[in-house]
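Q: 1400 is the number that this note's numbering gives the last residue of the sequence shown; the numbers go up by one with no jumps.
C-beta atoms are modelled at their ideal positions from N, C-alpha and C, and glycine is treated no differently.
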Amino acid sequence: MESVDEGWFKAIHHVGSTSIPGIAAKPIIDILVSLNRNEDGPACADAMRKLGYEYRGNGGISGRHYYRKGNPHTHHIHMWVESNPEFGQHLRFRDFLRSHPAEAQAYETLKKELAERFVSDTLSYSLAKDEFCQRIDRLARGEE
1257 MESVDEGWFK AIHHVGSTSI PGIAAKPIID ILVSLNRNED GPACADAMRK LGYEYRGNGG
1317 ISGRHYYRKG NPHTHHIHMW VESNPEFGQH LRFRDFLRSH PAEAQAYETL KKELAERFVS
1377 DTLSYSLAKD EFCQRIDRLA RGEE
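(1) Who are GLU1310's beta bridge partners in DSSP?
(2) In this structure, what does DSSP give as the bridge partners for ASP1286?
(3) Between the Cα of SER1290 and those of LEU1370, ALA1360, TYR1381, TYR1322, spot the shortest distance and give me the residue it belongs to.
(4) Go to PHE1374, then tell me how far its alpha helix (DSSP H) extends in each direction, as first and last residue.
(5) Less than 8 angstroms between the C-beta atoms of ARG1350 and ASP1393, yes or no?
(6) Over the uninterrupted alpha helix (DSSP H) stretch that includes ASP1261, give me the two end residues.
(7) Measure the C-alpha to C-alpha separation of PRO1328 and LYS1385 and round it to an integer number of angstroms.
(8) For a quick check, are the C-beta atoms of LYS1367 and SER1275 less than 8 angstroms apart?
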């Protein structure tokens, strides 16, 4: 991605389950990109397409610019400006689970249970993880 950056990207982070040592994960790499400006998300679409990424608008999440690669998907890129609360939440979640192995294992267990329950329903799978993710974010912010 850095090879096509024309000043759009402020920082690039590996997030998602594959970024947390010791837990099982689907073979999908999640990448969090900090944009210099919100309009940089769609502005880089042509350059990202050359790397095999497809721009999917906000993918149902306000303020996000979402790209994916592969069929089946191998990479998901989530682009935000850093001032968007969602951006910080992704980093806090990753960093908290990296430093709290018991919570990381609990997350792995939850994901396995939900994957069995929602085999082909990714929306329900994501929604079912939300309560856990919100609790981890509160812990990471020192609110629990």
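A: The answer reads as follows:
(1) As a working note, residue 1310 is residue 54 in the sequence shown. DSSP, once it has assigned bridges, lists ARG1324 as partnering GLU1310.
(2) Indexing the sequence shown from 1 puts residue 1286 at position 30. Paired residues: VAL1271, HIS1332.
(3) Position 34 of the sequence shown holds residue 1290. Considering only alpha carbons, the answer is TYR1322.
(4) Taking the sequence shown and counting its residues from 1, the one referred to as residue 1374 is at position 118. Taken as a continuous stretch (DSSP letters only), PHE1374 belongs to no alpha helix (DSSP H), as it is neither H nor E.
(5) The count along the sequence shown starts at 1 and reaches residue 1350 at position 94. The count along the sequence shown starts at 1 and reaches residue 1393 at position 137. No, Cβ-Cβ distance for ARG1350 and ASP1393 is not below 8 angstroms.
(6) For the purposes of this step, residue 1261 is identified with residue 5 of the sequence shown, where counting begins at 1. Counting along the chain, ASP1261 falls outside any alpha helix (DSSP H), and DSSP gives it neither H nor E.
(7) Working through the sequence shown from its first residue, we reach residue 1328 at position 72. Working through the sequence shown from its first residue, we reach residue 1385 at position 129. Each residue's alpha carbon lies about 22 angstroms from the other.
(8) Locating residue 1367 in the sequence shown gives position 111, counting from the first residue. Locating residue 1275 in the sequence shown gives position 19, counting from the first residue. In this structure, SER1275 does not lie closer than 8 angstroms to LYS1367 by Cβ.
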